[in-house]
Every structure is written in structure tokens, then in C-alpha cells.
DNA sequence: AATAACCTTTGATCTATGTCAAGTAAGGTT
DNA sequence: AACCTTACTTGACATAGATCAAAGGTTATT
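Chains as they are written, first to last, in our numbering: chain A, 8 to 251; chain B, 8 to 251.
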């Protein structure tokens, strides 16, 4: 199952720069850039550098200097914290339109790896910060995005702290579907560009538990496992699995 | 064990208003207000309404219209999500200087209850938002605070998703101590204005597990249980309990 | 000072989920 | 097509932490 926002790299990449970037940008309306007027977008455009990255690559590490920040324009990422003994918590998955580096912090607060081939619209953090400093609308937009992330993070704390395994899986499927829906439009088939282990590491479970629950939901005809994702057969029962 | 930032209400409350609020404010340097220059602080001061609230009171509910937002000036709060079946996740505890309503969202994203008697410096959300809109330094400060909260939230996800009970308790004690230290200065004795059940609901554990672990750490002479809080006897071993 | 209400601690047992260990399927490569 | 690698699934068993139950302590109330 392939998700096609027509590949932004197609009409963008030219010695790492591009003209026409923002106006042709498929994710513009979802991204922080939506805050900018024509004048400001020109300034941003000058700073932007398109990049293509292949699947399954680490692209930044928690604690390292945050030289560059970016909007994800196509493909998917996972954002994660790794403990020294190998345990891993996936903080979230990024989809097209998501901005990485919202906090403008001088070091990255999490590590990032690509799940799929990916294109990004990258900026020098300092340069971007300065633009933000003199562009109140941009900070406001960053703040709104960060606040939204914060409330999602808090919702996820409830999931991790207080919900049982089946609820976690059900809620994950629903929230991931909702996130994709906003970008790609409604669909009963939910693409899962991440593996079972990634889902487990996001939900604080083991791969076996995730697998068993997905199998069970399949047996109960609530979902149908299809290659690359899954189809939601019974929305109502899926929702009932997790009390509000 | 009583924490005394001298009570801000002393020289503040006068028909719900006050002169001299901000200059006398004990938490000003920690709070979002620190972003403001003399001119701006005057504008803010006009909008501010001091309030006193007694211990163990719910003061706002998730989902309700966010009419007012505030800086906590003394006392402690807990911020929580409640599920319909009674399960509860405490998102965090607020200490003097913390701002409640950082996101400027039109509805509250979590519920809040007082742990102790409390004083707050409250604002009408709309009024405050408008001030923020024309005061870039203020939004910037809100954004920094929100970003900081976001990274704390992500750290807590790791705790909830991937750490064992003893690590959770140890990390909680260290992070709570660190938070208080910034406000009240260094101290080996850590006040715990919240109960064991609150700690459990913050760490995704049961009260029995929290109690057992605190008892064990006491037996091992890592901490000493004292009324209203506890004393850290062996910082090194406490830190060793949780791998980075 | 005695009583009551509420926390907290401790012990005994249970269980949801983790761990360990095979299998099976799906791509990718030669 | 056969092989190999990697991901997923399933089963059997183990365990960290939950649940149930009963004391102890503290603080507030009369």
C-alpha cells in the first residue's frame, strides 16, 4: 500500500535548492508555513533546502546540536528515546506536514529515524529562529503546534500509564488513522508504515502482545490485516474497546 | 514540612486586585512574566487578579471552556486526566512559578486540583491572548515554556512506557527534587505535598507498589521517610537505580 | 483523651503481560 | 525457482506488579 502525495522532490530538487518550492508544496496548508504571508514565505523559501533520505536511516540523535530543523514533506519518521540498556520508547510517528524541531532547542530532544523514503524541507535552526523572532505569526504557529503536541503527549501518558494492552492498540489505530485522514483524506484502510516492534515500542508493550492483539481483533472481524496496513471493518466496536 | 515562599497574598489581595503585584512577586523570575519589560508588565498587571484557594479543591475540568489561565504563585497543584471508569493519570504537579494554560486553548486540556492552599495570579484567557498577540516576547516565552513541558512529557512517556517500578519512583524523586530546587534552592529534604496515591497515579503504578518501594529504599538507607516528605541519604545510589 | 476518618504499610495471592522458543510467511537476491 | 533474511505469529511458561485483605499510623473531631 503506497501513499501518494505526489512526490514533492519531483519538482523541487535542483542542486539542493529550488524555485517554486512553497507554492507547489503539498503539505503547505498543514505545515507551520501556513502561518506566513507572501512576503514572509519568500524569506523562508530562500532559507529552505530540500533533501531526500532513504528508508531506515537514523537522521538525528538526541542530545546532539540541533543544526537543522525541518518540515517533513513526504514519507514517515519515527521519533524515539533510547535508554542505555537498549530499551526504547517511540515518542511518536511523523507524517507529511509535521515539523521536526518545534521547540527550536539548541540540541535535539529525541532521535529520529526514517521509516520510508522521505523528503524534507530543511532549515538552519539559527537562521529559522531569527526569522521566527521577527515574524510573530510564525512563533504563534510554532506555539500552537507545540501546544497541540503537548496535549497529544499528555493523552499518550494516560495510555501508557493507565490503559490495558488492547485499549492501547485500539487507540493507536484510531489516532493514527485520524492523523493520516487529515492529510490524505478519509479511508477505511489504514497504512502502517511502521513495523510491529515500532508499534510495541510506542505503546509500551512487547511485539508479541501487539501481534496477539491484532490477530485477535482480526479473528473478531473488527479489523482486517492487509499487507502494509489494515482495514477497519467495525469502527463502532473498535471505539468501544477503549473507554473515554 | 512547610515551604515558605512568603505568602504572596499578604501584600496583594485588595478587592481581588492589587497594586505592586508584579514587582513584589516572588515567582516573577521563574514565571512567563519574566519575559516582559516594564511597560508590558504594567499592561499585564492591570489584567491580573489574585486569588486564594484552599487545599484539596478541584479548580478546573478537562474539556470545559478555558475562561481563565494563571500563574501559580504559592502552593501546589496536580494536573490530571480522568477516565470514565475511574482510572486516573496525573500528568504532572505544578509548583510556584508554573503557568497553567500555556497553550491558550479555548478549553482546558486537563483537570486541576489543589494539593495545598494555593495563591494564583489569574488572567482572562482572551485578554491575555490578545496581549500575547501584540507582545512577541510573551509568546516566545510561552512557546519556550510549552516546549520545555513537551520535552518533560516525552521523558515521562519513556518512564511510563519502558521503566520498571523502582526506576519510576527513583526518577520521580529526583525530578521532583530538581524542580523544587530551582524555586526554593538546594535541600536534601524533598517535600512531598502529594500523597502516595497521587504519586502512583503519576507513575502508572498502584499505591501499594509505591509504598513498598519507598519502604525498601528506606530499608536500604537510600532515603529517609520524614513527615511531609523525605530526605535523600544517598544521592549516588538513588541515581544508579535508573539507567540513562 | 477518646473516637473517627483517612492514609500508609505489609502480607498473601492472582493475573496481564513479558519472556523464551519454535514455526510460518513475505520479500529480496542470486 | 531456490535460498536467505527479516518480520510476524503462536504457544508454553515465568514474573513484575496488581489485587485483596488486614493492620498500623496520623490527623481531625468531639
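Using N, Cα and C, we set each Cβ at its ideal position, and we do this for glycine too. Quantities reported herein were computed from a predicted structural model and do not represent experimental measurements.
Can you tell me whether residue 198/A is buried or exposed? The criterion is at least 16 other CB atoms within 10 Å of its CB, across all chains shown. Within the first chain, residue 198/A is the residue found at index 191, counting from 1. When all chains shown are included, residue 198/A counts as buried.
Residue 122/A, DSSP secondary structure in three states: By 1-based counting over the first chain, the position of residue 122/A is 115. Coil at residue 122/A, not helix or strand.
Just checking: is the beta-carbon of residue 43/A within a distance shorter than 9 Å of some beta-carbon in chain B? As a first step, residue 43/A is located in the first chain; it is residue number 36 there, counting from the start. No, residue 43/A lies away from the interface with chain B (no Cβ there is under 9 Å from its Cβ).
Closer than 8 Å by beta-carbon distance: list the chain B residues that pair up with residue 158/A, in chain order. Your numbering for residue 158/A matches position 151 in the first chain. Neighbours of residue 158/A on chain B, chain order: 110, 112, 116.
In chain order, what residues of the segment 138-169 of chain A put their CB closer than 7 Å to some CB of chain B? Flagged, chain order: 143, 146, 147, 149, 150, 153, 154, 156, 157, 158, 160, 161, 163, 164, 165, 167, 168, 169.
Chain A within 9 Å of residue 46/B, Cβ atoms only: As a working note, residue 46/B is residue 39 in the second chain. Judged by the 9 Å Cβ criterion, residue 46/B is not in contact with chain A.
Indicate whether residue 98/A and residue 117/A have their beta-carbon atoms separated by less than 9 Å. Position 91 of the first chain, counted from the start, is the residue given in the question as residue 98/A. Position 110 of the first chain, counted from the start, is the residue given in the question as residue 117/A. Cβ distance < 9 Å, so residue 98/A and residue 117/A count as in contact.
Residue 177/B to residue 71/A, Cα distance in whole Å? If you number the second chain from 1, residue 177/B lands on position 170. If you number the first chain from 1, residue 71/A lands on position 64. Distance between the alpha carbons of residue 177/B and residue 71/A is about 26 Å.
Test item: CB-CB of residue 69/A and residue 89/A under 9 Å: Taking the first residue of the first chain as position 1, residue 69/A is located at position 62. Taking the first residue of the first chain as position 1, residue 89/A is located at position 82. Their beta carbons are under 9 Å apart, which means residue 69/A touches residue 89/A by this criterion.
Could you tell me whether the Cβ of residue 38/A comes closer than 9 Å to any Cβ of chain B? Locating residue 38/A in the first chain gives position 31, where the first residue counts as 1. It does not: the Cβ of residue 38/A has no partner Cβ on chain B nearer than 9 Å.
Taking all protein chains shown into account, decide if residue 250/B is buried (16 or more other Cβ within 10 angstroms of its Cβ) or exposed. Translated into the one-based positions of the second chain, residue 250/B becomes position 243. Its Cβ having fewer than 16 others within 10 Å, residue 250/B is exposed.
Spell out whether any CB of chain B is found under 9 Å from the CB atom of residue 63/A. Taking the first chain and counting its residues from 1, the one referred to as residue 63/A is at position 56. Taking Cβ atoms only, chain B never reaches closer than 9 Å to residue 63/A, which makes this a no.
Mind listing which residues of the segment 219-248 of chain B have their C-beta closer than 8 Å to chain A's C-betas, in chain order? Along the segment 219-248 of chain B, there is no position whose C-beta sits under 8 Å from a C-beta of chain A.
Where the segment 65-82 of chain B meets chain A: residues whose CB sits under 7 Å from a CB there: none
Bridge-paired residues (DSSP) for residue 99/A: Stepping through the first chain from its first residue, residue 99/A is reached at position 92. DSSP lists 86/A as partners of residue 99/A.
Residues of the segment 204-218 of chain A in Cβ contact with chain B at a cutoff of 7 Å, in chain order, please. 211
Just checking my contact of residue 122/A with residue 200/A at CB under 8 Å: how many whole Å lie between their CB atoms? For the purposes of this step, residue 122/A is taken as residue 115 along the first chain, with counting starting at 1. For the purposes of this step, residue 200/A is taken as residue 193 along the first chain, with counting starting at 1. Their Cβ separation, rounded to whole angstroms, is 5 Å, which keeps residue 122/A and residue 200/A in contact under 8 Å.
Hey, quick one: how far does the alpha helix (DSSP H) through residue 45/A stretch, first residue to last? Here the question's residue 45/A lines up with position 38 in the first chain. Where residue 45/A is concerned, the enclosing alpha helix (DSSP H) stretches over 45-54.
Specify whether the segment 81-88 of chain B and the segment 98-117 of chain B touch according to this definition: at least 3 beta carbon pairs, one from each stretch, less than 8 Å apart. yes
C-beta neighbour in chain B for residue 50/A, strict 9 Å: Start at 1 with the first residue of the first chain, and residue 50/A comes out as number 43. Judged by the 9 Å Cβ criterion, residue 50/A is not in contact with chain B.
What is the DSSP secondary structure of residue 222/A, reduced to helix, strand or coil? To locate residue 222/A, count along the first chain from 1; it is residue 215. Note: residue 222/A maps to helix in three-state DSSP.
Any idea which residues DSSP pairs residue 58/A with across the strands? Within the first chain, residue 58/A is the residue found at index 51, counting from 1. 127/A, per the DSSP bridge assignment.
CA-CA distance, residue 243/B and residue 230/B? Against the second chain, residue 243/B aligns to sequence position 236. Against the second chain, residue 230/B aligns to sequence position 223. The C-alpha of residue 230/B is placed about 11 Å away from the C-alpha of residue 243/B.
CB contact flag (residue 2/B, residue 111/B, <9 Å): Outside the displayed range of chain B (8 to 251) lies residue 2/B, so it cannot be described from this structure.
Interface residues of chain B facing residue 91/A [CB-CB closer than 9 Å]: Numbered from 1 along the first chain, position 84 holds the residue referred to as residue 91/A. Those are 250, 251, listed as they occur along chain B.
Would you mind stating whether residue 125/A and residue 79/A have Cβ atoms separated by less than 9 Å? Taking the first residue of the first chain as 1, we reach residue 125/A at position 118. Taking the first residue of the first chain as 1, we reach residue 79/A at position 72. In this structure, residue 79/A lies closer than 9 Å to residue 125/A by Cβ.
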